[in-house]
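**Q**
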Amino acid sequence: MKNILIPEHRILSRLKELAREIDRDFAGREPVLVCNLKGAFMVMADLVRFVTIPVRTDFVCFTSYNGAESSGSVQKRLDVSEDIAGKPVIIVEDIIDTGLTVRALTDNLKEHAPSGISVLSLLYRKGAKPRYGGFEIGDGFVYGYGLDYEGRYRQMRDVLILQNNEKD
Ligand code: IMP
Ligand code: MG
817 MKNILIPEHR ILSRLKELAR EIDRDFAGRE PVLVCNLKGA FMVMADLVRF
867 VTIPVRTDFV CFTSYNGAES SGSVQKRLDV SEDIAGKPVI IVEDIIDTGL
917 TVRALTDNLK EHAPSGISVL SLLYRKGAKP RYGGFEIGDG FVYGYGLDYE
967 GRYRQMRDVL ILQNNEKD
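In this note's numbering, the protein residues as written are 817 to 984.
(1) In this structure, how does DSSP classify Ser880 when only helix, strand and coil are distinguished?
(2) Got a sec: does the ligand IMP put a non-hydrogen atom nearer than 6 Å to the Cβ of Gly954?
(3) Going straight from the alpha carbon of Gln869 to that of Pro847, what length do you get?
(4) At a cut of 8 Å, does the region 926 to 941 reach the region 871 to 882 through at least three beta carbon pairs?
(5) Tell whether a beta-carbon distance below 7 Å holds between Tyr948 and Leu936.
(6) If you run the structure through DSSP and keep just helix, strand and coil, what is Ser829?
(7) In chain order, which alpha helix (DSSP H) runs of at least 4 residues are fully inside the region 828 to 877?
(8) Report back the beta-carbon spacing between Asn852 and Ile907 to the nearest angstrom; my notes put them in contact at under 8 Å.
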């Protein structure tokens, strides 16, 4: 049984609100939206279509997760390709759990000397709210809307929560 935590329509209306904030906060500054693959690909695709100011886009892959458990270390699989020196950067994430991934990504991006780094995440756990936070969630494992459970279910339109009886 699908257990919906956040339905698609709420995700989209929240992303629209965050896009309005970005329009306002970055008017005239052409930020670079840096999507952290793979999980944030849907957030990026929907967010960027709600943003109306000029932006550039880039994709990186910094990953810390194996299955449903944090591996405790962050691997860089893909670095930025845009020249972000002197430009404002907005990291686009799916979820901030411990904050380890976003910290490692932020430290890496700083080496490219952007003028500033802000973080947007669709989901965040208690105490980990970024500058642009979609929804605070509890401890349960979530998937769908780009987030995977052991590599699957990224195509689900809603954010779903894993039930204990679904774990193997
Ligand atoms: P952090 O480094 O502990 O903040 O973990 C962030 C990363 O862990 C995210 O980018 C996700 O890829 C993954 N992650 C954390 N919690 C979940 C979850 O509930 N479902 C799916 N992925 C998760
Ligand atoms: Mg991720």
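Backbone N, C-alpha and C fix where the C-beta goes; we use that ideal spot for every residue, glycine too.
**A** The structure says:
(1) strand
(2) no
(3) Reading the sequence as shown, one finds Ile at residue 869 and not Gln. So the alpha carbons of these two residues sit roughly 9 Å apart.
(4) no
(5) yes
(6) helix
(7) 857 to 866
(8) 7 Å
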